[in-house]
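**Q**
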Amino acid sequence: MKQRMLWEALHFRQQSTLRLSWGLWQKRWCQSQMYHGMESQALQQWAHSVQLHAWLQWKALDTQLQRERATASWAARCLQHWAMRKVWKSWLQYVNQRREKQHRSS
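Positions 1 to 106 (UniProt numbering) are the ones given, in order, by the sequence shown.
1. Using the Cα positions of R99 and K89, report the straight-line distance between them to the nearest angstrom.
2. Please report the distance separating the alpha-carbon of L65 from that of S49.
3. Looking at the secondary structure, which residues open and close the alpha helix (DSSP H) in which S32 lies?
4. Rounded to a whole number of angstroms, what is the C-alpha to C-alpha distance between Q45 and Q51?
5. At the level of alpha carbons, what is the spacing between W29 and R19?
6. Pull up the distance between the alpha-carbon of residue 107 and that of V87, whole angstroms please.
Written out as structure tokens, the structure is:
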């Protein structure tokens, strides 16, 4: 009887140790899975953040280039306008001088 009680106590101890170890392993495995999921989500958020940052930089550069093109276009139109104005003034002066010359000679 004493032997049987010793055997049952040993068996209970082994089962208890096994249950405790199994529970600890399950807890750590669940934590590992949770950390893995959190790490994966953090990586996705970081990648999204990097993509957003790159897109915002590209958008700022594109806006700057559009402004520069618009400024260059405006400058070209102004230059053309003032060049045409100068040409027309010279032409008008030439025509007036011709008229005056013809008027004097007649």
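Yeah, the Cβ is synthetic: ideal placement off N, Cα and C, and Gly gets one too.
Treat the numbers as computed from the prediction; the structure is a model and nothing was measured.
**A** Quick answer:
1. 15 Å
2. 24 Å
3. K2 to S105
4. 10 Å
5. 15 Å
6. Here the chain covers residues 1 to 106 and nothing more, so residue 107 does not appear.
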